[in-house]
Each structure stands twice: as C-alpha cells, then as structure tokens.
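Accompanying notes for the structure given below.
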Amino acid sequence: MKNRMRKDLIACALCVLLATVLMFFANGIQHGNGTIEITDGTIPAADGSLTYKMYRPVSATAENRAPAVLLLHGYQNDHETCAAYAIELARRGAVVLCLDEYGHGASSVGLLSRGYVNHVVKVNYGNDSEEAGTYKKIGGSKRYRILMNFSNLSFFNDHYSKDDAGNAILDSSCGGSIAYAFMSKLPYVDPSRMAVSGHSMGTWSSWTVAADYAGTDIAPKAVVLQCGELFTDSVYDSANIRFNNVLLLQAKYDEFSYFRDYQKTVGDNLLKSDLRTSFLGTTAADAQWNRTYGSFEDGSARRMELLMTNHRLTTHHLGGLAVAMEWFDRAIGLPSDLAYTDLVAKSKEYLVLGAMLLILASLFPLMSLLLETPFFSGVKQDLPAKDTMTTKKGWTKGALITVLLSGATFPFMTQLGHALLPLPEGIFRMTVGNGFLGWYLLLILIMLITSAISKKNLKKRGLEGEKFDWSVFFRSLLLALTLMVYMYLVNLVYCGLFDLDLRFIWPFFRPFTLQRFLQFLVYIPVFTVFYLLNNSKIMRDLRTDATYEAGTKGFLRNWLNNFLLMAGGVLIIVLIEYVPFFANIGPGADLLFGSTFGGPFMSILILFVPQVMFFSVLCTYAYRKTGRAYTGACLAAMLACWIVTGGSSIL
C-alpha cells in the first residue's frame, strides 16, 4: 500500500510541476519576454467598480507616449478572452486595457446597470416596423428583457433606447466608456491615437464607446468588430455621430442570427445587401469580402473580412488577428516593424490549456492517494455483483431514454431557464447558470419519477437496490470537497504568480469574488442532486461488462459507454446544429426551432461537450475505485458549478 501511495504522490507532484512550467512559459509570452508590463486594477463606476488587466509596453512612457486600444469581451467571457489581441497589440507597442464589462469577470457592477426596455426588434434596426411585427412589446423577467435588448444601444434614438414605462438603456457600453476615459488619461498614452475593439456583446459596447466620444479629441481612430451587428444610418440620434475606420470580422458560421443580419447563412447574398453595401460605401456589383474601401486619412475606411470559423473562435482566429493588426497600424500607427502575421498569442492559450489538463489529471492520483488513508478508505466497497446488471434489452431501453431525453430537452429548457423560468432573480443571479438550472431541474424530476418506478419493479422481483449510507456519503462528499479545494488553491497560486487562471480562451476555473462564491453556494445543491442522480443512473443502473474489465482497455470501454450516455443527447444537438450549417443551409436550431433557440446555448456546446467528456472520465474512475457514484458525482458537480458561477454573467 505504501508503494502505491508513493507512486500516486509522485504522479500528482509531477503533474503540478509540469503544469507550473507551462504556466511559466505562458506568462513569458504575455509579458513579451520582459518587454510588456502587466497590471490589474479597478475603475470606479456608479454602481460599484470595474476590473481590468492592463498591458503596457515598457517603451511607453510619459516622454514617449504610445497608442492605446480598449478591448471589450463578449457575453459569458471576461478580460482574459481578449488576451490574443492584447498580447499582439502590446508586442507592437500599443498600451492595451482589457475590461471586465458589467456582470462579468471580477467587476462588481451587474448586467442590470446596462438597462432594458419593454420592446425587441426582430430585424436590423432601421428596417423594423410595428405593422410588420418586427418591433414587438415584451414583458417577463428582467433578465429576459436585458438579454433581448443587447442590440439596443444607449445612443440610439428614443424609439429604441426608451419605452413608455420609464425604462431605458442606461449604458450599452457596459462600462466601456468609463474605461475609455480612464485609459485616455494615463500618462503614457497618446490620447489622439486611440482605438476600440470588441467581440460579440463587446461589439455593441464598442459602437457605444465610439459614439460617446465621436467628435471629441479622443474619438477612437479605429473600431474593430469581432462578429458585430450593422445598423442603418436612420437609427442614430444625430448625423454628427461618426465612426472612424471600421473593420468587421465576419464569422462564416456565426450561430447568432443578428450577426448575420437574420439570414440563414453568410455568403455573397449577405455581402451585397443594402445594409452591407451602405456600410462599405459601395455598390452591390463592387462589394467584395476582404477588401478595404474608403480612406484611413479621413476615417472612412471600411472592410468586411470573412473568416472560416464560428462565433466563439473568432477571438483567436489567426487570419482575423493579422488583418486587425494591420488595421490598427494604419489607423493609429503601431510603433513596431513586426510582420502582421508574426503571431504568438495562441501559443499562450495552448500552454495554459496544457497546464489546466495536467492539474485536472492530478486529481486522479490524488484521489487514489486519499482513498488509501484510514479516514477515506471507508468510502470504498466492491462493485455491485454482475448478476444485478440490467439485461441487454433493459440497457438499450434505458440508454435510449437517457440520451433522447437530455437531447430533446436541452434547447428548450436551457433557454427557458436562461430567460423566462420564474426564479427569484435576487437569489439566482447567474444568467447562463439559470439556463442549466432549468434543464437540470427538469431532468431531476424525470430521474426521480423513473427511479421510483424502477425501485417498485425491483421490489416486485424480490430485489433491493443499494442502501443509502449517510456516513459513507458524507465521507465521499468530504473527499470531493478536498479535491476541489486542492484545485482551487493551485489555481489561486497560478493567478498570484502568473496572473493567469486555468482556462482555454474562455473562462473555466476563475477565482471567486465574494458575490460569485455566494452564487456558487446557491447553485451547488441543484448541481449536486443532478449529478448524483445522473451518475447513479449511468454508472450503476446502466453498467455493462466493461465496468468489471480490468486494465486500460477495460477503463476505456467503460468510459466510452458512460460518455455516450452522459453526452449523447447534446452530441445529437451538435449534429443537428452544425451539419446543415456546414452544408451552407443554416444552423439546425434556427431551422427547426427558430432563432430563439439558437445562439448562446448552441455556441456554448463547444465548451460544454469537452467538460462532459472530462466529467465522464472522472466519474468513471471514481466509480471503479470506490464502487459508488458519490465521489465522482459530487466532484463533477462542484467543478461544473465553479465553471458556471465563476465565469458566467451575473445580474
């Protein structure tokens, strides 16, 4: 036993050591190997404070002022999602401020400060009408109105930015305008050479920042939109609002309908529409992707760059980054001769991804080590007898029901929870968290009903299920909590040493603020109940011969069965969404269910499926080690809840 414990300890330590080395090199990249200084800070706002991460080239001083760029992330992201643009701009001599916008990251100001109105537009602004039904009154929860009003901007005319109930869009820059003013006053920034760029939700923020400072001495000299919406000239308050040198990076496979002008696909039909040709300042016959129109000298430069990627990956698309670097250079003059295609930021993401995977991998030997201690050894028991397995017919039936139920309910219950499920919003403040909450609550109800029926049938056959042991459960829960705290502390150390958390592009394991930790405590009971019931159903009730097969081959067979049961439903949704999209027909959710069910929870699958893949490995390992579903289920619930409450937007 001591020899096995020693091996587990060495394996765990080796994972941490290698992860630390990767984080060290990632930190070197973001610091430009000593040429970039990084600081974190806060900016006062009316309802709290905004947090930011600043990249300052050491060459930027009060005597040698540098150009500056404000970067604004998208919905459900944070300042670190802007890291690729920040690193590449800072390498080229620009000061970069990456903001945590309202309701995101560590900023204390919630999304409610953005404001909302009681109407929604179903087509591009300026092309809507009440007669056509494209300008509609809406009601419902505050979060629903906020989410439906992301396109409404505070500099639009009153028709869009106010309603007859006294509501208004208060600050559609989501704090960006405050941060832009702050950045302009930095002693090492040249306020006459500033620009703004945003992704997704951050593009609306970018439009607003540019409008707020239009006509001033610090007006942005460039606006770079990473998946943005365009508007007709008639929607603005004044013809005096002017936007300088606008670059639109267009994702070919953008899951959000408003970023493809509510059309099913992105192609030449979109390029040659009146809205797009008006933006470019040309005719349909002359309109081309990847071509610059107008002049940088007078601010009229316009370009639409078509990127063969989806919405979320636009932030790190190498082609888009190169075009953006050239655009910034021509607009604000980057003091560097680096080639636009000389890009290193993505390496930082892969290094941090490697570190995250290594720390996750270290959970396995650490769990094994703890299970050999006297206190936690009582968690283990033999696997249930093989003769208590369900029949092949029973397994097939159970597997089909499990997969189809999760897949059929995902698009609808996540969106219902996201916006309209009647939840006390002062308590349940996580927007995407509420989407998963709605889905989990329905699946919990279904699993409780089916479990009751199953238990009744077992009694009829003279069989009894596994007796619930509270003592074992609490030890299992404590084991999971110990592993969770270990991972949190490692992540906290990395944040302190390297100003980097464990992630890949998007927020995964962010350190908690106090309000986010309190939200973790609010959501974790539901997450725990769901994973306990789900794991018991999959690991125990639907176990197969592979559960008992020893060795690597046995584990892989066992894991594959469990993964397909845990993720099969959402994998079906992935195919429904993207097969027709890649076939240039349109996103499947929009075609089948309408655009209401596309967008956030379709694009989030690129993050969710890998999470479930890891959770299935973790839960399979824990079940084979302990003979019970408790430890794996509780740890998976904690990690999933951490991801959602640590990084999701908050009201």
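Numbering (my numbering), first residue to last: 3 to 653.
Where is the CB? At the ideal position from N, CA and C, for every residue including glycine.
Nothing here was measured: the structure is a model prediction, and the numbers come from that model.
For Leu407, same chain residues with a beta-carbon under 8 Å away, outside a window of 5 residues either side, are Leu445, Ile448, Gly571 in chain order. When secondary structure is reduced to three states using DSSP, Ile171 falls in the strand class.
Nearest to Thr530 by C-alpha distance, out of Met369, Cys636, Leu365, Ser194, is Cys636. DSSP links Met432 through a beta bridge to Ile652. With respect to the 7 Å criterion, Thr647 and Gln521 are classified as neighbours on the basis of their beta carbons. Using a Cβ distance threshold of 7 Å, Ser605 and Arg314 count as a contacting pair. Collapsing the DSSP output to three states places Val226 in a strand. Note on geometry: alpha-carbon atoms of Gly322 and Leu573 lie some 29 Å from one another.
DSSP, reduced to helix, strand and coil, places Asp543 within a helical segment of the structure shown.
Spanning the alpha carbons of Phe414 and Tyr442 requires a straight line of approximately 12 Å. In the structure shown, Ser115 falls within a helical segment according to DSSP collapsed to helix, strand and coil.
Within the stretch 286-353, the alpha helix (DSSP H) runs of at least 4 residues that lie entirely inside it are, in chain order, 320-334. Where Asp192 is concerned, the enclosing beta strand (DSSP E) starts and stops at 191-201. A contact between stretches requires three or more CB pairs, one per stretch, nearer than 8 Å, and the stretch 64-82 fails this requirement with the stretch 124-133. Between Lys223 and Gly177, the alpha-carbon positions lie close to 19 Å from each other. The C-alpha of Ser618 is placed about 15 Å away from the C-alpha of Ala482. At the C-beta level, Ser538 and Thr633 stay beyond 7 Å of one another. If you look at Cys621, you'll find it in the alpha helix (DSSP H) that goes 607-628. The Cβ-Cβ distance between Leu172 and Thr205 does not fall below 7 Å. If one requires a minimum length of 4 residues, the alpha helix (DSSP H) runs lying completely within the stretch 503-537 are 516-537, in chain order. The Cβ neighbour count for Arg6, taken over all protein chains shown within 10 Å, is under 16; the residue is labelled exposed. Using a Cβ distance threshold of 7 Å, Glu231 and Tyr260 count as a contacting pair. Beta-carbon to beta-carbon, Pro59 and Ala92 are separated by about 6 Å, close enough to satisfy the 8 Å threshold.
Membership of His161 in the alpha helix (DSSP H) is indicated by the continuous run 160-163.
Following the DSSP letters along the chain, one finds Ser179 inside the alpha helix (DSSP H) bounded by residues 178-186. In this structure, Leu385 sits away from Thr316, with a CB-CB distance that is not shorter than 7 Å. In this structure, Phe258 sits near Gly601, with a CB-CB distance shorter than 7 Å. By the Cβ-count criterion, Phe378 is buried, with 16 or more other Cβ atoms from all chains shown falling within 10 Å of its own Cβ. If you check the CB distance, Ala289 and Thr279 come in under 7 Å. Under DSSP, Pro46 takes part in a beta bridge, and its partners are Ser51. In the three-state reduction of the DSSP assignment, Ile40 falls in the strand class. For Pro69, the enclosing beta strand (DSSP E) covers residues 68-74. Lys274 and Asn292 have their alpha carbons spaced roughly 13 Å apart.
A contact between stretches requires three or more CB pairs, one per stretch, nearer than 8 Å, and the stretch 117-127 meets this requirement with the stretch 140-157. Counting only the Cα atoms, Ala70 lies some 8 Å from Pro193. Taking a contact to require three or more Cβ pairs closer than 8 Å, the stretch 350-360 and the stretch 498-512 qualify as touching.
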